[in-house]
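Below is one structure, written out as C-alpha cells, with a few remarks after it.
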Amino acid sequence: MTKVRVRIAPSPTGDPHVGTAYMALFNLIFARHHGGDFILRIEDTDQTRSRPEYEENIYKALKWCGIEWDEGPDKGGPFAPYRQSERTELYRNECQKLLDAGKAYKCFATAEELEEMREVAQKLGNKQGYDRRYRNLSPDEIARREALGQSYVVRLKVPLTGECVFEDAIKGRVTVPWADVDDQILLKSDNFPTYHLANVVDDHHMEITHVIRGDEWMSSTPKHICLYQAFGWTPPTFMHMPLLLGTDGKKLSKRRNPTSIFYYRDAGYLKEAFVNFLTLMGYSMPEDKEIYTLDEIIKAFDFKRIGVSGAVFDVHKLDWLNQQYLLNSIPEDRLWERLKEWQFNDTFMKSLMHLIHTRIKTFGEFMELCDFFFINHLPYTKQLFEAPKLQFEEITYILQAIIWRLDELESWTSQSLNQASREVAEIFGVNHKKKIMPILFATIQGKLQGPPLFDSFEILGKERARARFLQAISYLGGLSETKRHELKKAWDRKDAKTWIAPAAS
Ligand code: GLU
0 MTKVRVRIAP SPTGDPHVGT AYMALFNLIF ARHHGGDFIL RIEDTDQTRS
50 RPEYEENIYK ALKWCGIEWD EGPDKGGPFA PYRQSERTEL YRNECQKLLD
100 AGKAYKCFAT AEELEEMREV AQKLGNKQGY DRRYRNLSPD EIARREALGQ
150 SYVVRLKVPL TGECVFEDAI KGRVTVPWAD VDDQILLKSD NFPTYHLANV
200 VDDHHMEITH VIRGDEWMSS TPKHICLYQA FGWTPPTFMH MPLLLGTDGK
250 KLSKRRNPTS IFYYRDAGYL KEAFVNFLTL MGYSMPEDKE IYTLDEIIKA
300 FDFKRIGVSG AVFDVHKLDW LNQQYLLNSI PEDRLWERLK EWQFNDTFMK
350 SLMHLIHTRI KTFGEFMELC DFFFINHLPY TKQLFEAPKL QFEEITYILQ
400 AIIWRLDELE SWTSQSLNQA SREVAEIFGV NHKKKIMPIL FATIQGKLQG
450 PPLFDSFEIL GKERARARFL QAISYLGGLS ETKRHELKKA WDRKDAKTWI
500 APAAS
C-alpha cells in the first residue's frame, strides 16, 4: 500500500488562524494513525499579501500547540523546496505542458473587458463571470497579440458540458455541472501561478495521497479535479472538514471573535486544552469522550466519525475544558511553573518595569497599576466610557475604526500605535487627547488613567488588545452589520467626520 502523505498548505497572509491549527491537527492525526508523513507547505504565491513574519508566526503558533511536521520549509525533506515562491519554475513548466496539449489557453482580456463580462453575467444571472471569448483564438492571432506585447493570463479549458463527479471521503459523492465552473486562471499576468495551479502541481509532485482541508475549499475541488484530468494525473482522496462556526452559527470571523492562535496563548489557555478543544470540532470520540490526549485520538481515529455539519467554536466550552485540564492534569505543585510560562516570567515582568518605576511609591501599588495585563475581561463601567463625552454609539465607531487601523499596521510598537490613533482622530475630526486617549485608556486598561498608554498597548500585544476592542464594542451596545458596512466606506475614503456629532468633537 502506498504510504499516506498529507499536508497543510497555509498562506502566510495574516495572523496564524485557529483554522490552521484545526486543519494541522486532523492532518497530523490522520498521518500518525496511518504511519504516514505530515507535510507543511507554505503557499506564498500571493506576492502582495504574503509576508515572511506571517510565515514565522505560523511555525511559532503550531509549535506552541505542540504540532510537529515531518517535512517543511524549515525542516527540508525529499520534496524540497516547500515554499511555493521557490517553485515557480515548476509551475510555469507544467503550465506550458497544458498549453502545448491544448488544455489551457492564453487569455488577453483587459480589466475593462472583464468588468463588462461581469456586468453582463450578473444581468443574465450566470454563475460564471468570464465568457471564454479567448478560448479559441487562432495561433496567428495569439502570436500577433504577443508580438504587440499584450499581457495575458493562462486559463484552463474547463469542459463545456457534463458534470464533475467525485467522492469526498467525508461528504460522499459530490456532483457539480461543469457549466457552473469558470475557465480558471492558472498563471497570472505577472507569470505567478494561482492557488489552483500551484496547489495541484505541488500535491502531485509531493505525492500527497489525501487532501484534508476545510469545507471552504470545496468549491475549488472541481477545478482541481479538472486540472488533474488535464495533466493526466490521479487525484488524491479529498476530505473536506466541517467549517468552524461561531456560536452565532456564522463562519468564525475575527470581526466577532478572536481567531488568532496567539490570542489563546496570550490569554492564558493551556495548549493541551486548546488542542483537545480543536479536535472536538466536528469529531466525536466513541462514547462521546471529550477529554483525551493527542495520542489517544491518534490511536482511536476513524474518519467516519467526522461530522458533515459545521463545528461550533464555543469559547465557553473551551473555558470549561481548560478548567478540567487545570484541575485534573496540572497538580498544584506544577501550577506555578505553568503560570510562570504564561506571563509571570522575567521577560514579561521586566518589560513592565519602565512603566512603573517612576509611578509607584510602594511595591503594593504595582498590581494596582498593572492589573490589566493579567485580566482577560476588564470590568467595564458606563462611567468609564463617559469620560470622552461622546455618545456610546459614536465610541463604537471609533473603536471599530481603530481595529481596522490596527489590522493594517506593519509594526506593533508604541510609536506606530500612537501614530495610528492620531490618524483615527483626524479621520473622525476629533481631538486626539480629549476623545481618543480616554477611549483607549478605558478599553485597554479599564481605567481613566494608568501607566503610559501606548507602551501598555504595545506590551499587551495585538491579539489581546484586539479582543478588548471587540469586548468594549459589545459592552457599549454593539455595531450592526449595516452600520459597520457604511462606516467602512467612510473609513476607506479616510473621512468619517459626519459620524460624530459636531458639538462633541
Ligand atoms: N493555501 C490554502 C490555504 O490557505 C490551502 C488550501 C488547501 O488546503 O488546499 O488554506
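Residues 0 to 504, numbered by numbering that gives the first Met the number 0, are exactly what the sequence shown covers, in order.
Cβ coordinates follow ideal geometry from the N, Cα and C atoms, glycine included.
Here the structure is a predicted model, which is why all the values come from computation and not from measurement.
Between residue i and the ligand GLU, is the CB less than 7 Å from at least one heavy atom?
| i | result |
| --- | --- |
| Asn198 | yes |
| Ser10 | yes |
| Trp216 | yes |
| Tyr194 | yes |
| Arg4 | no |
| Arg50 | no |
| Arg212 | yes |
| Glu54 | no |
| Glu206 | no |
| Glu42 | yes |
Where does residue i land, buried or exposed, given buried means 16+ other C-beta within 10 angstroms?
| i | result |
| --- | --- |
| Val199 | buried |
| Leu123 | exposed |
| Met238 | buried |
| Asp287 | exposed |
| Pro51 | exposed |
| Glu54 | buried |
| Asp491 | exposed |
| Asn190 | exposed |
| Trp498 | buried |
| Glu42 | buried |
| Cys484 | Here the sequence assigns His to residue 484, which means Cys is not the residue at that position. So His484 counts as exposed. |
| Gly161 | exposed |
| Ala142 | exposed |
| Gly476 | exposed |
| Pro285 | exposed |
| Thr395 | buried |
| Leu226 | buried |
Of the residues the options, which one's Cα is nearest the Cα of residue i?
| i | options | result |
| --- | --- | --- |
| Gln149 | Ile211, Glu140, Val157 and Phe300 | Glu140 |
| Phe230 | Leu155, Ile41, Gly161 and Cys163 | Leu155 |
| Tyr474 | Ile426, Leu377 and Glu145 | Leu377 |
| Leu351 | Gln323, Glu457 and Asp406 | Glu457 |
| Ser188 | Arg132, Phe107, Tyr262 and Arg117 | Phe107 |
| Ala272 | Ile426, Ile290 and Thr233 | Ile290 |
| Glu393 | Phe427, Ile374 and Asp406 | Phe427 |
| Leu439 | Ala495, Phe371 and Thr481 | Phe371 |
| His209 | Thr44, Gln470, Trp411 and Ile38 | Ile38 |
| Tyr262 | Ile472, Leu459, Met0 and Ser479 | Leu459 |
| Ile472 | Leu447, Ile397, Glu409 and Val180 | Ile397 |
Would you report the Cα separation of residue i and residue j, rounded to the nearest angstrom?
| i | j | result |
| --- | --- | --- |
| Met436 | Leu242 | 39 Å |
| Gln95 | Thr193 | 14 Å |
| Gly34 | Ile28 | 10 Å |
| Ala30 | Asp69 | 10 Å |
| Lys74 | Asp99 | 36 Å |
| Gly101 | Asn135 | 10 Å |
| Lys222 | Asp182 | 9 Å |
| Ile66 | Leu24 | 7 Å |
| Pro15 | Ala103 | 35 Å |
| Ala146 | Glu88 | 23 Å |
| Trp63 | Val119 | 49 Å |
| Leu368 | Met348 | 13 Å |
| Leu185 | Gly171 | 28 Å |
| Leu383 | Gly267 | 26 Å |
| Gly213 | Met22 | 7 Å |
| Ile296 | Asn375 | 31 Å |
| Pro235 | Ile207 | 7 Å |
| Thr258 | Ala400 | 19 Å |
| Leu326 | Arg337 | 13 Å |
| Met217 | Lys488 | 31 Å |
| Glu93 | His195 | 13 Å |
Is the Cβ of residue i closer than 8 Å to any Cβ of chain C?
| i | result |
| --- | --- |
| Lys122 | Within the model displayed, chain C is absent; a lone protein chain is all it includes. |
- Where are the alpha helix (DSSP H) runs, 4 residues long or more, that stay fully inside the region 253-331, in chain order? 260-265, 270-278, 293-299 and 314-328
- Item | Runs of alpha helix (DSSP H) wholly within the region 210-248 (minimum 4 residues, chain order) | 220-230
- Message: Threshold first: 3 residues or longer. Then list the beta strand (DSSP E) segments lying entirely within the region 61-144, N to C.
- Response: Entirely contained in the region 61-144, the beta strand (DSSP E) runs reaching 3 residues are, in chain order, 103-106.
- Within the region 0-46, ranges of the alpha helix (DSSP H) (whole runs, at least 4 residues): 17-32
- Task: Please go through the region 425-462 and give each complete alpha helix (DSSP H) segment of 4 or more residues, from N-terminal end onward.
- Result: 436-439 and 452-459
- Message: For a minimum of 4 consecutive residues, which ranges assigned as the alpha helix (DSSP H) are wholly contained in the region 380-429?
- Response: 381-385, 391-407 and 413-427
- Query: Where are the alpha helix (DSSP H) runs, 4 residues long or more, that stay fully inside the region 135-193, in chain order?
  - Reply: 138-146
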